[in-house]
Amino acid sequence: MAVAVPPKGCSLGWDERNKTLGDALKLLTQDKQNVFDERMFIHFSKLPIGCTIDDNSDEINESGQPTPKKSLSSEEEALYKPLYENLVNHEKARLVSGQGIDKSGNTPPQALDQVIQLNSKLFTVANIYNLTFYIA
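Written as structure tokens, this is what we have:
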């Protein structure tokens, strides 16, 4: 589904865009919606995201760190892998993951590390406050 992003600096059009995307998401089956669940999406997209608290557990380990999310079972992987492949724009997921599209580029390692770190922080803030960031 291709929905245009409003121009940079323009506050008009976001409500309509969000409604269109929300309506499209509601039309998906529950299994297809689950592909966009944090745990599923992180597993398949391989985004560089740190430890997050398991939704089913409020446990904090002895070191004071939250428990990591459980990995997918083989049944979940078999069910959601084909759905992920069909629903997700893989080019954009690779861009966000810090791997980029073209591996032959000469991005300095320090710059790439900083972009990956920034992406991880933005993803964490976006999830906590339910925000969306568009970086141009």
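In this text, residue positions in the sequence shown follow full-length UniProt numbering: the first is 1, and each later residue adds one.
Glycine included, each C-beta is placed from N, C-alpha and C at the ideal position.
Which residue wins for smallest C-alpha separation from residue i, given the options the options?
| i | options | result |
| --- | --- | --- |
| residue 95 | 86, 112 and 33 | 112 |
| residue 83 | 110, 36, 21 and 13 | 36 |
| residue 32 | 110, 85 and 127 | 85 |
| residue 137 | 34, 14, 116 and 123 | Since the first residue shown for the chain is 1 and the last is 136, residue 137 is missing from the structure and cannot be characterised. |
| residue 119 | 134, 108 and 129 | 134 |
| residue 93 | 116, 10, 109 and 108 | 116 |
Give a yes or no on whether the C-beta atoms belonging to residue i and residue j are separated by under 8 Å.
| i | j | result |
| --- | --- | --- |
| residue 97 | residue 46 | yes |
| residue 81 | residue 41 | no |
| residue 16 | residue 127 | no |
Going by beta carbon distance, what residues of the same chain come within less than 8 Å of residue i, once the five residues before and after it are set aside?
| i | result |
| --- | --- |
| residue 12 | 6 |
| residue 14 | 6 |
| residue 79 | 31 |
Quick one: residues in its chain with C-beta nearer than 7 Å to the C-beta of residue i, no 5 flanking neighbours on either side, listed in chain order?
| i | result |
| --- | --- |
| residue 121 | none |
| residue 21 | 3 |
- Message: Pairs of beta-carbons, one from the region 71 to 79 and one from the region 10 to 28, closer than 8 Å: are there three or more?
- Response: no
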